[in-house]
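Participant: One structure, pasted below without further comment.
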Amino acid sequence: VVAGEDTSAFCLVRPPGHHALADRAMGFCLLNNVAIAARLATSQLGVQRVMIVDFDVHHGNGTQAIFWEDAQVAYFSMHRASFYPNTGLESEVGTAACKGTTCNIEISLGTPRTELLERFRSELTKFSEAFRPELVIISAGFDAHRDDPLGSLGLLTEDFAVITQMIMDVARRHAGGRVVSVLEGGYNPEALSDCVTEHLETLLHTK
Numbered sequence: 013v014v015a016g017e018d019t020s021a022f023c024l025v026r027p028p029g030h031h032a033l034a035d036r037a038m039g040f041c042l043l044n045n046v047a048i049a050a051r052l053a054t055s056q057l058g059v060q061r062v063m064i065v066d067f068d069v070h071h072g073n074g075t076q077a078i079f080w081e082d083a084q085v086a087y088f089s090m091h092r093a094s095f096y097p098n099t100g101l102e103s104e105v106g107t108a109a110c111k112g113t114t115c116n117i118e119i120s121l122g123t124p125r126t127e128l129l130e131r132f133r134s135e136l137t138k139f140s141e142a143f144r145p146e147l148v149i150i151s152a153g154f155d156a157h158r159d160d161p162l163g164s165l166g167l168l169t170e171d172f173a174v175i176t177q178m179i180m181d182v183a184r185r186h187a188g189g190r191v192v193s194v195l196e197g198g199y200n201p202e203a204l205s206d207c208v209t210e211h212l213e214t215l216l217h218t219k
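FYI, in my numbering the residues of the sequence shown are 13 to 219.
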């Protein structure tokens with residue numbers, strides 16, 4: 013993707029990764045897949061600014077911690093408020109020279125899905141305009157689906173196509189359309205399969 017051979021890629025991986033810290037595993041996650049990819053892009057592939065967009069129902073505490081003091085990697089997360097791992101407050105925006113490279117959107121249980129989607133669009137647009145990424149990496153968790161047994165924020169299957177399109181629009185504006193998506197959570201196999209299909213069809217421009 014960085015070389016321009018393709019504009020998007022989807023990594024169908026297990027276990028997920030966004031809770032894993034630099035020095036230890038956590039929350040079903042052994043290695044932080046998106047963090048490894050972002051670090052490789054900036055350290056070896058010449059990418060100056062990478063934005064990670066995480067829509068898993070859980071906050072990606074590992075990803076945020078790894079890049080807390082790295083101005084080259086921005087982290088945007090929409091997640092359920094007051095929920096495992098109990099991190100990702102909206103007041104957490106980065107530190108020192110990296111202030112503004114972290115954006116957390118806390119969603120309360122019971123928030124109407126239309127309100128959730130509009131807030132995601134609005135906040136992601138503002139955040140990306142300020143950071144102007146050259147590559148977008150997605151932490152694609154589908155456990156905010158209404159049928160997920162662990163997370164659920166009431167989203168419908170088709171909402172993940174909408175979210176994916178919002179991210180792709182940002183990538184087209186700033187990153188030449190370059191998007192790498194990595195699977196995170198999702199614990200209802202049927203719902204996960206349907207959501208991944210929506211996500212892939214949108215990434216492939218077939219919807």
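Glycine included, every Cβ here is placed at the ideal spot set by N, Cα and C.
1. Beta-carbon within less than 6 angstroms of Phe-67's beta-carbon, same chain only, minus the 5 sequence neighbours each way: which residues are those?
2. Could you tell me the boundaries of the alpha helix (DSSP H) in which Glu-127 lies?
3. Let me check understanding here. Comparing Cα to Cα, which of Ala-156, Ala-187, Ala-50 lies closest to Leu-204?
4. What do you get for Asp-160, buried or exposed, if any count of 16 or more other CB atoms within 10 angstroms of its CB means buried?
5. Around the C-beta of Val-105, are 16 or more other C-beta atoms found within 10 angstroms, so that it is buried, or is it exposed?
6. Starting from the C-beta of Ala-142, find all residues in its chain whose C-beta is less than 8 angstroms away, skip the five residues before and the five after it, and write them out in chain order.
7. Would you mind giving the Cβ-Cβ distance between Val-62 and Ala-50, rounded to the nearest angstrom? I have them listed as a contact below 8 angstroms.
8. Determine the extent of the alpha helix (DSSP H) in which Asp-181 is found, giving its start and end residues.
9. Is Ala-21 closer than 8 angstroms to Val-192 when the C-beta atoms are compared?
10. Relative to the alpha-carbon of Ile-179, which residue among Phe-79, Asn-200, Leu-129 has its alpha-carbon at the smallest distance?
11. For Asn-116 and Ala-86, what's the separation of their Cα atoms in angstroms?
12. Identify whether Ala-47 lies in helix, strand or coil by the three-state DSSP scheme.
13. Going by C-alpha to C-alpha distance, which of Thr-19, Gly-122, Leu-147, Gly-100 sits closest to Val-46?
14. Beta-carbon separation of Gly-197 and Gly-163 under 8 angstroms?
15. Note the first and the last residue of the continuous alpha helix (DSSP H) segment covering Asp-206.
16. Can you give me the C-alpha to C-alpha distance between Val-13 and Ala-53, rounded to a whole angstrom?
Facilitator: Judging by the given coordinates:
1. In the sequence shown, residue 67 corresponds to position 55, counting from 1. Correct list, in chain order: Met-90, Ile-175.
2. Stepping through the sequence shown from its first residue, residue 127 is reached at position 115. From DSSP, the alpha helix (DSSP H) with Glu-127 extends over 125-143.
3. In the sequence shown, the residue the question calls residue 204 occupies position 192. Checked all of Ala-156, Ala-187, Ala-50; the closest Cα to Leu-204 is Ala-156.
4. As a working mapping, residue 160 is identified with position 148 in the sequence shown. Classification of Asp-160: buried, given that the 10 Å Cβ count is 16 or more.
5. In the sequence shown, the residue the question calls residue 105 occupies position 93. Its Cβ having fewer than 16 others within 10 Å, Val-105 is exposed.
6. If you number the sequence shown from 1, residue 142 lands on position 130. Around Ala-142: Gly-112.
7. Position 50 of the sequence shown holds residue 62. Position 38 of the sequence shown holds residue 50. For a cut-off of 8 angstroms, the C-beta gap from Val-62 to Ala-50 is around 5 angstroms, short enough to register as a contact.
8. By 1-based counting over the sequence shown, the position of residue 181 is 169. Where Asp-181 is concerned, the enclosing alpha helix (DSSP H) stretches over 171-186.
9. Here residue 192 is taken as the residue at index 180 of the sequence shown, counted from 1. Here residue 21 is taken as the residue at index 9 of the sequence shown, counted from 1. In contact: Val-192 and Ala-21 (Cβ atoms closer than 8 angstroms).
10. For the purposes of this step, residue 179 is taken as the residue at position 167 of the sequence shown. Selected option, being the one with the closest Cα: Leu-129.
11. By one-based count along the sequence shown, residue 116 stands at place 104. By one-based count along the sequence shown, residue 86 stands at place 74. Each residue's Cα considered, the two are about 11 angstroms apart.
12. Position 35 of the sequence shown, counted from the first residue, corresponds to residue 47. Three-state DSSP puts Ala-47 in a helix.
13. As a position in the sequence shown, residue 46 is number 34, starting the count at 1. Closest option to Val-46, Cα to Cα, is Leu-147.
14. Taking the first residue of the sequence shown as position 1, residue 197 is located at position 185. Taking the first residue of the sequence shown as position 1, residue 163 is located at position 151. Closer than 8 angstroms, so yes.
15. Position 194 of the sequence shown, counting from 1, holds the residue named residue 206. Segment 201-215, the alpha helix (DSSP H) holding Asp-206.
16. Translated into positions along the sequence shown, residue 13 becomes position 1. Translated into positions along the sequence shown, residue 53 becomes position 41. When rounded, the distance between both Cα atoms is 10 angstroms.
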